[in-house]
Amino acid sequence: MLVAGIMKTNVITISPLATVREALLLMKKSGVKSLVVDKRHSGDAYGLIAYRDVARAVIAEDGDIDLLNVYDIAQKPALQVSQHLEIRYLARLMIQYAVKNVLVIDNNELQGFVSDTDVVSHLIDRASSGR
41 MLVAGIMKTN VITISPLATV REALLLMKKS GVKSLVVDKR HSGDAYGLIA YRDVARAVIA
101 EDGDIDLLNV YDIAQKPALQ VSQHLEIRYL ARLMIQYAVK NVLVIDNNEL QGFVSDTDVV
161 SHLIDRASSG R
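FYI, the numbering for the sequence shown is 41 to 171, going by our numbering.
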C-alpha cells in the first residue's frame, strides 16, 4: 500500500510569522498536536511545529509565547515523502530519523500529512484482516 492510502489531506497550516501563542490556540481549537508551517515563497520548504517544539522553546528554554514566532521554533524543512511511496519505506524513514510526523509533498506542494499513529493503525488494520 502507498502513503496516499493512509495520509490525512485535511491539514491545518499556520503562517511562519504567527506567534507561538497563536499556534497553541489553533492547535487547541483544531484538536491537533502539530501544525504544518506554510512556505513563505514558492522556493521555500514547509515546516512542522509540534507540542514538543513548544515545550522545548517555552518551558525548557524559558521562551515567551508572545515574543517567539512559529519560524523561531519550527522544524524546517520537515521530513517529506511522496504519496506514491510504499508505507514500509515511510516507516523506515520515520524510524531512521526518529520523527512522528511526515509531510506528503509532490511537485513542492503539500498533499497531506502522515503520523506514526496512521502507520500503526494501518498495521493493525492489516493484522486484523489477515493480510
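All C-beta atoms in this analysis are idealised placements derived from N, C-alpha and C, irrespective of residue type, glycine included.
Just so you know, these numbers come straight off a predicted model, no measurement behind them.
Straight across, the Cα-Cα distance linking A63 with I99 is about 15 angstroms. At least 8 angstroms separates the beta-carbon of L150 from that of A118.
Taking I54 as the centre and dropping the five residues before and after it, the same chain places the C-beta of E62, A63, L66, L75, V76, V77, D78, I89 and V110 closer than 8 angstroms to its C-beta, in chain order.
DSSP places Q151 in the strand class (E or B) of the three-state scheme. When the Cα atoms are used, G87 and S168 turn out to be separated by approximately 34 angstroms.
In this structure, V43 and V121 form a Cβ contact; the two beta carbons are roughly 6 angstroms apart against a cut-off of 8 angstroms. Only buried fits N141, as 16 or more other CB atoms lie within 10 angstroms of its CB. Excluding sequence positions up to five before and after Q123, its CB lies within less than 8 angstroms of the CB of L42, V43, A44, M47, V144, D146, Q151 and G152, all in the same chain and listed in chain order.
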